[in-house]
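In my numbering, the protein residues as written are 395 to 678.
The beta carbon of each residue, even a glycine, is placed where N, CA and C say it ideally should be.
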């Protein structure tokens, strides 16, 4: 009798253990199951878009975006972006944000990308010493001018404008002095009205060069002009001009020629007994 009771208790214990294991397994499966995250739609660029491009339905597409990761300024409908121009280059699959679009009333094209109070000025850039091939829209540059001040004198190079943004870059074809076609680099810069006046002034009789700079480098450096004579003559003082260059030039410091060295002295060897000495006699 006791043996039957023990057998029944063992069977009951096994059944309870199996049921408990099955329950724990189901709970573990439910806990480890990944719940689908809620999503929304976001408008992105279907292709690379250049600055000033008016958006069309063919330029845009929709992707799913996690709803718990909000993207401020994004759009969920393509029709809300159509017709507006972009004010900064946009890569493929990059979300379209309100901060990258011109105001609705600004119109289309490059003028829509110019902020209120700023000006866009195009200048010809030397292809050899400039960086017109690398000055892409959105890059930051310094503007340098090379020329001769009014009244003549020593030619110089000076940085006239620093840390300005490139709006557009391209090329145009002009005729050279022989009437042959010549490709000239043209870069459009975003400037303040004062900078626009300065650039227009120096570009009339100077060669304009660009220097690329890091986009996070906003330091304005006070650099003195570099004179040609100081580079070629190894320290000769350049010609300086007072005011706007209309004064009389200050003459350069004359370099005194080195005096020729005299003839070498004579050295006579004198022997006295077992001693030997050298006597030096200067030549008169």
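query, result
"Cutoff 7 Å; reference residue 491; Cβ partners in own chain excluding five residues on either side", "467 and 468"
"CA nearest to the CA of residue 496, picked from 529, 448 and 457", "448"
"Between the CA atoms of residue 599 and residue 623 - distance to the nearest angstrom", "20 Å"
"Between the CA atoms of residue 493 and residue 462 - distance to the nearest angstrom", "21 Å"
"Beta-carbon contacts of residue 406 that lie in its chain and below 8 Å, excluding the five residues immediately before and after", "none"
"Cβ-Cβ separation, residue 555 to residue 581 (assumed contact under 8 Å), whole Å", "Incorrect: roughly 12 Å between the Cβ atoms, too far for contact."
"Coarse secondary structure for residue 679, derived from DSSP in three states", "This structure does not reach residue 679, given that the chain is present from 395 up to 678, and the question cannot be answered."
"Through-space distance from residue 460 to residue 400, alpha-carbon basis", "59 Å"
"Segment contact flag, the stretch 482–489 with the stretch 508–517, C-beta cutoff 8 Å, min 3 pairs", "no"
"Residue 528 to residue 610 span [Cα, whole Å]", "17 Å"
"Contacts around residue 597, its chain only, beta-carbon distance under 7 Å, and the 5 residues preceding and following it disregarded", "517"
"Closest by C-alpha distance to residue 337, when choosing among 627, 435, 541 and 625", "The displayed coordinates of the chain run from 395 to 678. Any statement about residue 337 would go beyond what the structure contains."
"Same chain only: Cβ atoms within 6 Å of residue 441, ignoring 5 sequence neighbours per side", "486"
"Through-space distance from residue 504 to residue 561, alpha-carbon basis", "8 Å"
"Contact set for residue 637: own chain, Cβ-Cβ below 8 Å, skip 5 residues either direction", "The predicted model places residue 637 with a pLDDT of 39, which falls under 50 and marks its position as unreliable, so this point remains unresolved."
"DSSP three-state assignment for residue 496, whether helix, strand or coil", "coil"
"Per-residue DSSP class, three states only, for residue 490", "coil"
"Residue interval of the beta strand (DSSP E) (run including residue 456)", "454–460"
"Rounded straight-line distance, which links the Cα of residue 498 to that of residue 602", "35 Å"
"Supposed close pair residue 559, residue 539 - CB separation, criterion 8 Å", "That pair is no contact at about 19 Å."
"Backbone secondary structure at residue 548 - three-state DSSP", "coil"
"Start and end residues, alpha helix (DSSP H) containing residue 624", "622–626"
"Three-way DSSP call (helix, strand, coil) for residue 512 in this model", "coil"
"Under 7 Å between C-beta atoms of residue 475 and residue 438", "no"
"Neighbour-count burial assignment, residue 472, 16 or more Cβ in a 10 Å radius", "buried"
"Candidates 534, 584, 456 and 626, of which the one nearest residue 548 by Cα", "626"
"Residue 404 versus residue 412 - alpha carbon distance", "12 Å"
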